[in-house]
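Chemist: If you read the protein sequences in the order shown, they are chains A and B. Position 250 of the first sequence, counting from 1, maps to 249 under numbering that gives the first Met the number 0, and the rest follow consecutively. Position 129 of the second sequence, counting from 1, maps to 128 under numbering that gives the first Met the number 0, and the rest follow consecutively.
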Amino acid sequence: MNFRVLPSQLHATAEVVVRFFKEARGLSSFKVEEQVADSIAYRPTLQTTTPEYEAIWVEVNETPFLQSLDTVVLHCVTNCLPVKLYVAFPAGLSHTQYKENIDESRRKGLGALEVSNEKVTVIHEALLLSLTGVRLEDHKLFPARYRSILTTAENTFRNGDPAKACSLIYDEIEALSRKIARKIHKKGWWTHLASGAPALNWEKAPWANVMETIIDRANFSAFPPKLKRPLLMRVAALTDIRNDAGHKPRRTADLIKRNQELRTRFENAVDVLRDFADATRPLHI
Amino acid sequence: MAIDDLGRELLDIPVEKIDRNPENPRIYFRSAELETLLNSIRRHGVQVPISVYREHGRFVLVDGERRWRCSLKLNRKTIPALIQEKPDALGNLLLMFNIHALREQWDLLTIALKLPRVISLLESRLTKKPSEKDIAEETGLPRATVRRSRYLIDLPDIYKDQLRDDLHKPKTQQQLSEDFFIELERSLKTVERALPEALGDKNQARDVLIEKYKRKVIPNLVDLRLIPKIARASKVKADTVRAVSALKTLFKSNDFSPASAYEQSVSEAYTERDLIGRLEAIIDRLEEIDPNSLEPAFRQKLREILRRLTKEVGRLS
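1) ASP254 of chain B by DSSP, collapsed to three states: which one?
2) Considering Cα atoms alone, identify which of A:ILE148, A:ALA125 and A:THR47 is closest to ASP170 of chain A.
3) Kindly list, in the order they appear in chain A, the residues whose Cβ is closer than 7 Å to that of ILE26 of chain B.
4) Tell me which residues share the same chain as LEU237 of chain A and place their Cβ nearer than 7 Å to its Cβ, disregarding the 5 neighbours each side in the sequence.
5) Quick one, are the C-beta atoms of TYR85 of chain A and GLY110 of chain A less than 8 Å apart?
6) Going along the chain, which residues of its own chain have a beta-carbon closer than 6 Å to the beta-carbon of ASP102 of chain A, five neighbours each way excluded?
7) Which residue from B:LEU274, B:VAL235 and B:ARG231 puts its Cα closest to that of PRO195 of chain B?
8) Judging by CA-CA distance, which residue of B:ARG42, B:ILE78 and B:ARG41 is the nearest neighbour of PHE58 of chain B?
9) Just verifying my parser: in three-state terms, what is the DSSP assignment at LYS185 of chain A?
10) With distance defined between alpha-carbon atoms, name the residue in B:ARG116, B:LYS76 and B:LEU108 nearest to GLU22 of chain B.
11) Starting from SER50 of chain B and walking both ways along the beta strand (DSSP E), at which residues does that stretch end?
12) Of the choices B:ASN20, B:GLU8, B:LEU121 and B:GLU287, whose alpha-carbon is the least far from that of GLN83 of chain B?
13) Taking the alpha-carbon positions, what's the LYS225 of chain A to LEU254 of chain A distance?
14) Kindly list the residues whose CB is nearer than 8 Å to the CB of TYR145 of chain A, restricted to its own chain and excluding five residues on each side of it in sequence; keep chain order.
15) Any contact of the stretch 21-39 of chain A with the stretch 59-68 of chain B, i.e. 3+ C-beta pairs under 8 Å?
16) Applying the criterion that 16 or more other CB atoms from any shown protein chain within 10 Å of the CB defines a buried residue, is GLN46 of chain A buried or exposed?
17) Given LYS85 of chain B, which residues of its chain have a CB within under 6 Å of its CB, disregarding the five upstream and five downstream residues?
18) Using three-state DSSP, classify GLY139 of chain B as helix, strand or coil.
19) Assuming LYS236 of chain B contacts ALA197 of chain B (C-beta within less than 8 Å), just tell me the rounded distance between them.
20) Quick check: what's the CA-CA separation for ILE11 of chain B versus GLY56 of chain B?
21) Please report whether the beta-carbon of ASN60 of chain A lies at a distance below 8 Å from any beta-carbon of chain B.
22) Would you say GLN66 of chain A reaches chain B, if we count a Cβ-Cβ gap shorter than 8 Å as a contact?
23) Who are PRO13 of chain B's beta bridge partners in DSSP?
24) Give me the chain B residues within the contact set of TYR41 of chain A, using Cβ-Cβ distance strictly less than 8 Å, ordered along the chain.
25) With 8 Å set as the bound, which would you pick, yes or no: does the beta-carbon of ASN23 of chain B sit closer than that to a beta-carbon of chain A?
26) Among residues of its own chain, excluding the 5 on either side of ARG264 of chain A, which ones have a beta-carbon nearer than 6 Å to its beta-carbon?
27) With C-beta atoms as the reference, is ILE183 of chain A less than 8 Å away from ILE213 of chain A?
28) Keeping to the same chain, check which residues put their C-beta closer than 6 Å to that of PRO24 of chain B; ignore five residues upstream and five downstream.
29) Starting from ASP62 of chain B and walking both ways along the beta strand (DSSP E), at which residues does that stretch end?
30) Does the beta-carbon of ILE304 of chain B have 16 or more other beta-carbons within 10 angstroms, so that it is buried, or is it exposed?
31) Flag this pair as yes or no: are the beta carbons of VAL82 of chain A and ALA54 of chain A separated by less than 8 Å?
32) In the DSSP assignment, the alpha helix (DSSP H) including THR299 of chain A goes from what residue to what residue?
33) Going by beta carbon distance, what residues of the same chain come within less than 7 Å of ILE98 of chain B, once the five residues before and after it are set aside?
34) Taking its Cβ as the centre, do 16 or more other Cβ atoms sit within 10 Å of MET312 of chain A, making it buried, or is it exposed?
35) I need the DSSP call for PRO142 of chain A, collapsed to helix, strand or coil.
36) At a CB-CB cut-off below 8 Å, which residues of chain A make contact with SER30 of chain B?
Structure (structure tokens):
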């Protein structure tokens, strides 16, 4: 490999890392110190792309973290770039320096690869930077029973499965919707009762139908003050995209677009869950 | 186009069209240094132009390799550069030595690896072997640096490689250093000159001392300075047979340290020489004093010290 920037004492480390990615991850065709895009003021030491169109960038350095990577991470997060950025470093740092660097690297979502005697140890994996930028809500704004699932969903999102993360939140909203429907039915909070109460299987009917029925027939004057039609319309809007995880991307641009959409959906779903849970709190369900 | 007072053009040139100078002696670039410069260039750009010359439609660096490397890393398209005439081989090398002599110093091994070429080119120009002074003047290096570099130049390749391998490691993992090899070579050179029968195979002695240093049998570099003292046993009238035996044991793989070898062979002789030297220096000093200028209390103190000294000399003799 022909390095122009990497100091010579780190060439062997870079070679070991390339072998590791080939043997352990099946990734090859690494480009060396090449431009990623005109707009990015950074050239990783090594770069390649996975079959899933995720970019793998490796910075080879003497320590697990560099301040100059902050700008790179920010650029990737802001532009939703599907990049996993690793820092590969030779083993043998002093404990304090090591811990500080590793902690910082983990916080930023970077991967850490320690290279020693031709062997690579994965200290921690890199997160897809396009997903790490997801807005994290203050968990105290949610009823206690939702905090654990919220943590799971956020971690699932940041760890690379945004569709599943959205699904976890949708499940909670759907369950809450069905509970409300049962409560309304039990209390008889319907309008036009002369024509009879809606006859729907609140457990098994499609979620969209449940929401449509509540919005059309519920007697909103009997509801707690925050549980209003616009909020229920926001919940109903989720039913359209409930199972739509998007098509498998066919190129990087598709992956960027899909991740941007999933980030927006996730943040929106979390907002709806927060407002919905808050509005229905007086119903004690 | 701007021209400086040396007639060099100042241009913004494409970073991609620049090649590093194959004669640049510098081989080690520490990540931390590059990182600091990188952050500065990201914020303020390249404030000081690099120096290059034209060759085959591209540019070759004379000065500014770190600025160029950082600009590449930052994916910058151009960099300000002073374009100068292509120097001859010696001029090219001396230019780089002089640039760095005035700024941050290179590692000694970096200098040592390139100095033989400088010496050879200088020899052709001067039509005589350049002296240490010639080399220092031409390269801008202090004479002490040239002298220290020569110890490394004379090292067999296998040890240069060992040193290079260690310098490649992170600082915390480095065991051998340029200073270690300089002390080692100084010591063995003295043994070779003063007590050659103690040395045997020089490489074997090197290997053993390296291994003892790594195992901390030799706890610090200063202890290596005891070896030439042992080799110069005859100068302090110590038993040279004992000195040879101590050095031979030292140059074998065991836990015998330079401090032990010194203690068993010449320590006493050096102590004696040291004591005699000090006492003679005191006598010389006393001889310089005018007896009339002394205070009675000082005379009294001197008599007291003389009495104690006589008693101690009597005990020892």
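The C-beta atom is built at its ideal place from N, Cα and C for all residues, glycine as well.
Modeler: Checking against the coordinates, here is how it stands:
1) ASP254 of chain B: coil per DSSP, three-state reduction.
2) Taking only the C-alpha atoms, the option nearest ASP170 of chain A is A:ILE148.
3) At a C-beta separation below 7 Å, ILE26 of chain B has these neighbours in chain A: SER7.
4) So the list reads TYR169, ILE172, ALA268 and VAL271, once near-sequence residues are dropped.
5) Contact: yes.
6) There are no such residues.
7) Minimum Cα-Cα distance from PRO195 of chain B among the listed residues B:LEU274, B:VAL235 and B:ARG231 corresponds to B:ARG231.
8) Of the listed residues, the one whose Cα sits closest to PHE58 of chain B is B:ILE78.
9) DSSP places LYS185 of chain A in helix when its eight states are reduced to three.
10) Among B:ARG116, B:LYS76 and B:LEU108, the Cα nearest to that of GLU22 of chain B belongs to B:ARG116.
11) Taken as a continuous stretch (DSSP letters only), the beta strand (DSSP E) holding SER50 of chain B covers 49-54.
12) Of the candidates B:ASN20, B:GLU8, B:LEU121 and B:GLU287, the one whose C-alpha sits nearest the C-alpha of GLN83 of chain B is B:GLU8.
13) Between LYS225 of chain A and LEU254 of chain A, the C-alpha separation is close to 38 Å.
14) Answer for TYR145 of chain A: GLU171, LEU272 and ALA276, listed in chain order.
15) Contact between the stretch 21-39 of chain A and the stretch 59-68 of chain B is absent, because fewer than three Cβ pairs lie under 8 Å.
16) Here GLN46 of chain A is buried, its C-beta having at least 16 other C-beta atoms within 10 Å.
17) TYR52.
18) In the displayed model, GLY139 of chain B falls within coil according to three-state DSSP, outside both helix and strand.
19) Distance from LYS236 of chain B to ALA197 of chain B at the Cβ level is roughly 18 Å; contact not present, criterion being Cβ atoms closer than 8 Å.
20) Looking at the sequence provided, one finds Asp at residue 11 of chain B rather than Ile. Answer to the nearest angstrom: the Cα atoms are 15 Å apart.
21) Chain B, which has a Cβ nearer than 8 Å to the Cβ of ASN60 of chain A, makes this yes.
22) By this cut-off, GLN66 of chain A is an interface position.
23) PRO13 of chain B is bridged to B:THR77.
24) Ordered by position in chain B, the residues that pass the 8 Å Cβ test against TYR41 of chain A are LYS72, LEU73 and ASN74.
25) So no, ASN23 of chain B is outside the interface.
26) Contacts found: CYS165.
27) Going by C-beta atoms, ILE183 of chain A is nearer than 8 Å to ILE213 of chain A.
28) The residues are THR109 and LYS113.
29) Start and end: 57-62.
30) ILE304 of chain B is exposed by the Cβ-count criterion.
31) If you check the CB distance, VAL82 of chain A and ALA54 of chain A come in under 8 Å.
32) What is shown of chain A runs 0 to 284, which leaves residue 299 of chain A out entirely.
33) Excluding positions up to five away in sequence, the list reads ASP62.
34) With chain A running from 0 to 284 in the structure shown, residue 312 of chain A is simply not present.
35) Three-state result, PRO142 of chain A: coil.
36) Chain-order list of chain A residues neighbouring SER30 of chain B: PRO6, LEU9, ASN60, GLU61, THR62 and LEU65, by C-beta distance under 8 Å.
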